[in-house]
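Counted from 1, the sequence shown has number 38 at position 38 by full-length UniProt numbering; the numbering is strictly sequential.
Built from N, CA and C at the ideal position, the CB exists for glycine as well.
Working notes for the structure below.
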Amino acid sequence: MPRPSRFRDVLRIGPVKVGTYFDRRGRDRHAAACTAPGCGFSADYPDRSAAELAARTHQCRP
Ligand SMILES: [Zn+2]
């Protein structure tokens, strides 16, 4: 059974995507994940601004 994506307000900043979702406790969480091949960066933040900042300042590792 496919699980519907709970992400909303997905924003792309360079190779990094930022999305807002609800965690298991129903709180807003904000994820930043890099889509560049081989990078593998992803992190969760309690604030949207923190996630966007991380996305803007992210530098891919070789
Ligand atoms: Zn990256």
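Query raised in the report: By DSSP, does residue 51 sit in helix, in strand, or in coil?
Result: Within the sequence shown, residue 51 is the residue found at index 51, counting from 1. It is helical.
Query raised in the report: DSSP puts residue 19 in a beta bridge; with which residues?
Result: Counting from one through the sequence shown, the residue named residue 19 turns up at place 19. For residue 19, the beta-bridge partners assigned by DSSP are 31.
Report task. Just confirm the distance between the C-beta atoms of residue 50 and residue 13, as a whole number of angstroms; I'd bet it's less than 8 Å. Result -> Sequence index remark: in the sequence shown, residue 50 carries index 50 (1-based). Sequence index remark: in the sequence shown, residue 13 carries index 13 (1-based). The Cβ separation is near 13 Å, so there is no contact.
Query raised in the report: Along the chain, where does the beta strand (DSSP E) that runs through residue 8 open and close?
Result: The sequence position of residue 8 within the sequence shown is 8, counting from 1. Here the beta strand (DSSP E) through residue 8 covers 8-13.
Query raised in the report: Exposed or buried, which one is residue 36 when buried takes at least 16 other CB atoms within 10 Å?
Result: Along the sequence shown, one-based indexing puts residue 36 at 36. Counting the other CB atoms within 10 Å of its CB gives residue 36 a total below 16, which places it among the exposed residues.
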